[in-house]
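J.: Residue numbers (the working numbering), protein chains in the order written: chain A, 10 to 138; chain B, 437 to 586.
Sharing a structure, written as structure tokens. Questions coming.
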Amino acid sequence: MNTDSETSRLARVNEGSGAPASIPPKLDAYESADQYVLLVDLPGVDPEGISVEVERGELTIAAQRPEAPAELGDTVVRGFQPAYYRRQIRLPTEVESGKIQADYQLGVLELKIPKSDAVKPRRIAVTAA
Amino acid sequence: MLSRWTQEYKPMHDMQSLLRRMDQLFGDFNSARLQWPDTRLEGDGPAVNVYDDGSQFVVEALVPGIRLDDIELDVTPTTLSLRAHREPKIVEGATVHRREREPLQFTNTLQLPAEVDAERVSAKLEHGVLTVELAKHESAQPRKISVRAT
């Protein structure tokens, strides 16, 4: 039996707010000495419409995968729906939010988030008398 | 998921109708497949949609992070097999904070409801969506029957 991850992860609906149901995309998060790297699965979304915003330490990623064109024909198997992806991540405050790089390849959004100089591990030279 | 729950759960009399309603709810999810009992999807692969426009099937699969080289397609008159693996991206010298994107290694076989022409199959990969078009075999194409009034 095919248990697809898309439809089994229940869409969350914001009651009463009129906001569309959204699904959180899967992500991997890494931390290196001078940056954070996030890899986010956003298959089939409109690249022009991917939004990456940082506000008060919250990073919000949103994207939309449209409905397939009607010319494709009748649906025989429905394993995934058009989707509104949305995810919010709290960033450690010490990042250079103005210098985030975003790259969308193979349906994956890669974000490189540089750490602020203040928190990069720094080598302190020790002089011995 | 639901069948496991109903086996372990000993519903009281007035819970029966609730369970029946939930069955209906989940049944709708799979109603597309129930309408086409000859279409079966086996394997633990990606989310797949299948469309039928009369002269061809179109199969869409969500395969983020997968390159064309990582995909193998096998077509027989009644099946489409999709085999793929995703190389995990390694970020050098980095600590992992979250790993939700499972490594993708799968074989998925789709039993098609009608015969296709294995010679007329095309596939494209764009933004993490694999689209495979399979032209139906001559004999499986809907044929227009002209009705003459006497």
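Ideal Cβ placement from N, Cα and C applies to all residues, glycine included.
It should be emphasised that the depicted structure is a prediction, and the values quoted were computed from it without experimental measurement.
State the DSSP-derived secondary structure class of D144 (chain A), mapped to helix, strand or coil.
T.: Since the first residue shown for chain A is 10 and the last is 138, residue 144 (chain A) is missing from the structure and cannot be characterised.
J.: I'd like to know if P473 (chain B) contacts chain A, where contact means its C-beta is closer than 8 Å to some C-beta of that chain.
T.: Reading the second sequence from its first residue, position 37 is the one you call residue 473 (chain B). Its pLDDT being 45, under 50, P473 (chain B) is placed unreliably in this model, and the coordinates cannot settle the point.
J.: What residue from B:K572, B:H563, B:S582, B:S575 has the CA that sits closest to A72 (chain A)'s CA?
T.: Along the first sequence, read from residue 1 onward, the residue named residue 72 (chain A) stands at position 63. The residue with the shortest Cα to Cα distance from A72 (chain A) is B:H563.
J.: To the nearest angstrom, report how far apart S575 (chain B) and E551 (chain B) are at their CA atoms.
T.: Numbered from its first residue, the second sequence carries residue 575 (chain B) at position 139. Numbered from its first residue, the second sequence carries residue 551 (chain B) at position 115. It is roughly 8 Å from the alpha-carbon of S575 (chain B) to the alpha-carbon of E551 (chain B).
J.: At the level of alpha carbons, what is the spacing between D464 (chain B) and L51 (chain A)?
T.: In the second sequence, residue 464 (chain B) corresponds to position 28, counting from 1. In the first sequence, residue 51 (chain A) corresponds to position 42, counting from 1. Residue placement at D464 (chain B) is flagged as unreliable, the pLDDT there being 42, under the threshold of 50; the coordinate-derived value follows with that caveat. Rounded to whole angstroms, D464 (chain B) to L51 (chain A) spans 26 Å at the Cα level.
J.: Under a three-way DSSP split, which group does D489 (chain B) fall into?
T.: Counting from one through the second sequence, the residue named residue 489 (chain B) turns up at place 53. The answer is coil: DSSP assigns D489 (chain B) none of H, G, I, E or B.
J.: Under 8 Å, do E40 (chain A) and A520 (chain B) count as touching if we go by C-beta distance?
T.: To locate residue 40 (chain A), count along the first sequence from 1; it is residue 31. To locate residue 520 (chain B), count along the second sequence from 1; it is residue 84. No, the pair does not count as a contact, with Cβ atoms beyond the cut-off.
J.: Quick check on DSSP: helix, strand or coil for K108 (chain A)?
T.: To locate residue 108 (chain A), count along the first sequence from 1; it is residue 99. The answer is helix: DSSP assigns K108 (chain A) an H, G or I state.
J.: Decide if the region 80-97 of chain A is in contact with the region 493-506 of chain B; the criterion is three or more beta carbon pairs, one per stretch, under 8 Å apart.
T.: With three or more CB-CB distances shorter than 8 Å, the region 80-97 of chain A counts as touching the region 493-506 of chain B.
J.: If you draw a straight line from the C-alpha of K560 (chain B) to the C-alpha of P123 (chain A), how long is it?
T.: For the purposes of this step, residue 560 (chain B) is taken as the residue at position 124 of the second sequence. For the purposes of this step, residue 123 (chain A) is taken as the residue at position 114 of the first sequence. So the alpha carbons of these two residues sit roughly 35 Å apart.
J.: I'd like to check one pair, V511 (chain B) with L570 (chain B): are the Cβ atoms closer than 8 Å?
T.: In the second sequence, counting from the first residue as 1, residue 570 (chain B) sits at position 134. In the second sequence, counting from the first residue as 1, residue 511 (chain B) sits at position 75. A contact, by the Cβ cut-off of 8 Å.
J.: Does DSSP classify A79 (chain A) as helix, strand or coil?
T.: Reading the first sequence from its first residue, position 70 is the one you call residue 79 (chain A). If DSSP states are grouped into helix, strand and coil, A79 (chain A) belongs with the helices.
J.: Relative to the C-alpha of G116 (chain A), which candidate in A:Q44, A:R74, A:I32 has its C-alpha closest?
T.: As a first step, residue 116 (chain A) must be located in the first sequence, where it is residue number 107. When each option's Cα is compared against that of G116 (chain A), the closest is A:R74.
J.: Roughly how far, in whole angstroms, is the beta-carbon of R96 (chain A) from the beta-carbon of P33 (chain A), given that I think they are within contact range, below 8 Å?
T.: Taking the first sequence and counting its residues from 1, the one referred to as residue 96 (chain A) is at position 87. Taking the first sequence and counting its residues from 1, the one referred to as residue 33 (chain A) is at position 24. Going by Cβ atoms, the distance from R96 (chain A) to P33 (chain A) rounds to 5 Å, so yes, they are a contact pair.
J.: Please tell me whether Y113 (chain A) and S31 (chain A) are closer than 8 Å, where the distance is taken between their beta carbons.
T.: Residue mapping note: residue 113 (chain A) aligns to position 104 of the first sequence, counting from 1. Residue mapping note: residue 31 (chain A) aligns to position 22 of the first sequence, counting from 1. Result no, Cβ atoms of Y113 (chain A) and S31 (chain A) do not sit closer than 8 Å.
J.: For chain A, check one thing: does any of its Cβ atoms lie closer than 8 Å to the Cβ of D464 (chain B)?
T.: If you number the second sequence from 1, residue 464 (chain B) lands on position 28. Residue placement at D464 (chain B) is flagged as unreliable, the pLDDT there being 42, under the threshold of 50; a coordinate-derived value is accordingly withheld.
J.: Which runs of the beta strand (DSSP E) at least 3 residues long sit entirely within the region 509-547 of chain B? Give them in chain order.
T.: 515-521, 531-535, 541-547
J.: Buried or exposed: I502 (chain B), going by 16 or more other Cβ atoms within 10 Å of its Cβ?
T.: The residue you call residue 502 (chain B) lines up with position 66 of the second sequence. Label assigned to I502 (chain B): buried.
J.: With a threshold of 8 Å between beta-carbons, can A530 (chain B) be considered close to chain A, or not?
T.: The sequence position of residue 530 (chain B) within the second sequence is 94, counting from 1. Answer yes: the Cβ-Cβ gap between A530 (chain B) and chain A drops below 8 Å somewhere.
J.: Output the distance between the C-alpha atoms of E119 (chain A) and I59 (chain A), rounded to the nearest integer angstrom.
T.: What you label residue 119 (chain A) is simply residue 110 of the first sequence in a count that begins at 1. What you label residue 59 (chain A) is simply residue 50 of the first sequence in a count that begins at 1. One C-alpha to the other measures close to 12 Å.
J.: With a Cβ-Cβ cutoff of 8 Å, do P549 (chain B) and P539 (chain B) count as a contact?
T.: Residue mapping note: residue 549 (chain B) aligns to position 113 of the second sequence, counting from 1. Residue mapping note: residue 539 (chain B) aligns to position 103 of the second sequence, counting from 1. Not in contact: P549 (chain B) and P539 (chain B) (Cβ atoms no closer than 8 Å).
J.: List, in order along the chain, the chain A residues whose C-beta lies closer than 7 Å to that of E536 (chain B)?
T.: The residue labelled residue 536 (chain B) in the question sits at position 100 within the second sequence. K35, L36, D37, listed in chain order.
J.: Compare the C-beta of R503 (chain B) against all C-beta atoms of chain A and say whether one is closer than 8 Å.
T.: Translated into the one-based positions of the second sequence, residue 503 (chain B) becomes position 67. The Cβ of R503 (chain B) sits closer than 8 Å to at least one Cβ of chain A.
J.: For P78 (chain A), count neighbouring C-beta atoms within 10 Å of its own C-beta (all shown protein chains included) and say buried if the count is 16 or more, exposed if not.
T.: Taking the first sequence and counting its residues from 1, one reaches residue 78 (chain A) at position 69. Exposed.
J.: Spatial neighbours of S582 (chain B) within its chain, please: CB distance less than 8 Å, with the 5 preceding and 5 following residues excluded, ordered by chain position.
T.: For this step, residue 582 (chain B) is matched to residue 146 along the second sequence. Nothing meets the Cβ criterion.
J.: How many whole angstroms separate the CB atoms of R537 (chain B) and K121 (chain A), which I take to be in contact at a CB cut-off of 8 Å?
T.: Residue 537 (chain B) sits at position 101 when you count from the first residue of the second sequence. Residue 121 (chain A) sits at position 112 when you count from the first residue of the first sequence. Incorrect: roughly 17 Å between the Cβ atoms, too far for contact.
J.: Can you pull the DSSP bridge partners for R95 (chain A)?
T.: Along the first sequence, one-based indexing puts residue 95 (chain A) at 86. Per DSSP, A:A71.
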